[in-house]
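First to last, the protein sequences are chains A and B.
Here the first sequence is numbered in our numbering, starting from 1 and rising by one per residue.
Here the second sequence is numbered in our numbering, starting from 112 and rising by one per residue.
Beta carbons: idealized from backbone N, C-alpha and C, even for Gly.
Since we're looking at a predicted model, the values are computed, not measured.
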Amino acid sequence: ELKVEQNPLFLSMQEGKNYTIYCNYSTTSDRLYWYRQDPGKSLESLFVLLSNGAVKQEGRLMASLDTKARLSTLHITAAVHDLSATYFCAVLRSGTYKYIFGTGTRLKVLA
Amino acid sequence: NAGVTQTPKFQVLKTGQSMTLQCAQDMNHEYMSWYRQDPGMGLRLIHYSVGAGITDQGEVPNGYNVSRSTTEDFPLRLLSAAPSQTSVYFCASSYSMGLAGGYNEQFFGPGTRLTVL
């Protein structure tokens, strides 16, 4: 059974600090996705990572993928309050059309 | 483009009632899916479709039915509502599920908050 685990589940950080969210998955996967969800809102796509060593960056967020370690990271640089949200990683189970989501990391950036 | 739309936004049902959650997309996406979101559990896949006339089960299909008669619409039916189905339901779509390539990022609707009493 494919499991996707994120840690930490909750993260409270000061503005200007750096931090990393981790996403581990238990079996092979074709691709990995990161989404953002604001409170009471829907999910918005952030990154799609297709291959080992893939790195994508958008503003203060950078995502990477290590398929051998079955690990993706979402790095936050110099956090700002607007980054406060819940971040989900999702994995496409290899050979299927099924996405499996992690439990999410709730990030709160304090001014 | 309206993107992915869902109706209703809120719904309260009594145990045993049935209802249909509507989902539509105007992006000509082949792949559509339904998720439920419960606190502390992320999103769990209920059913999905890779094209008109083709549907399959996800992780948590029991108590739900789907059909896909057109590319645009993918309704989710609750056959006999139970309190355990209280949740927020999201519909999503993506352009292509060709496994050989493509990004296949999903676009999500605004969600339906369902309470079953």
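For K112 of chain A, the first and last residue of its enclosing beta strand (DSSP E): Nothing in the structure corresponds to residue 112 of chain A, since chain A is present only between 1 and 111.
Contacts around F47 of chain A, its chain only, beta-carbon distance under 6 Å, and the 5 residues preceding and following it disregarded: W34, K56, A63
Segment contact flag, the segment 76-87 of chain A with the segment 10-24 of chain A, C-beta cutoff 8 Å, min 3 pairs: yes
Residue-level contact to chain B via CB, S12 of chain A, 7 Å cutoff: no
Residue(s) in a DSSP beta bridge with D66 of chain A: A:L71
Same chain, Cβ closer than 7 Å to K125 of chain B, neighbours up to 5 away in sequence not counted: L228
Within-7 Å CB hit, P221 of chain B to chain A: yes
Neighbour list for V91 of chain A in chain B, Cβ cutoff strictly below 9 Å: None at all; the shortest Cβ gap to chain B is about 11 Å.
Under 9 Å from the C-beta of V161 of chain B: neighbouring residues of chain A: Y97
Per-residue DSSP class, three states only, for D30 of chain A: strand
Neighbourhood of K120 of chain B by C-beta, 8 Å cutoff - its chain only, sequence neighbours within 5 removed: P221, G222, T223, R224
Cβ-based burial, A113 of chain B [other Cβ within 10 Å; buried from 16]: exposed
Opposing strand residues paired with Q136 of chain B [DSSP bridges]: B:V115
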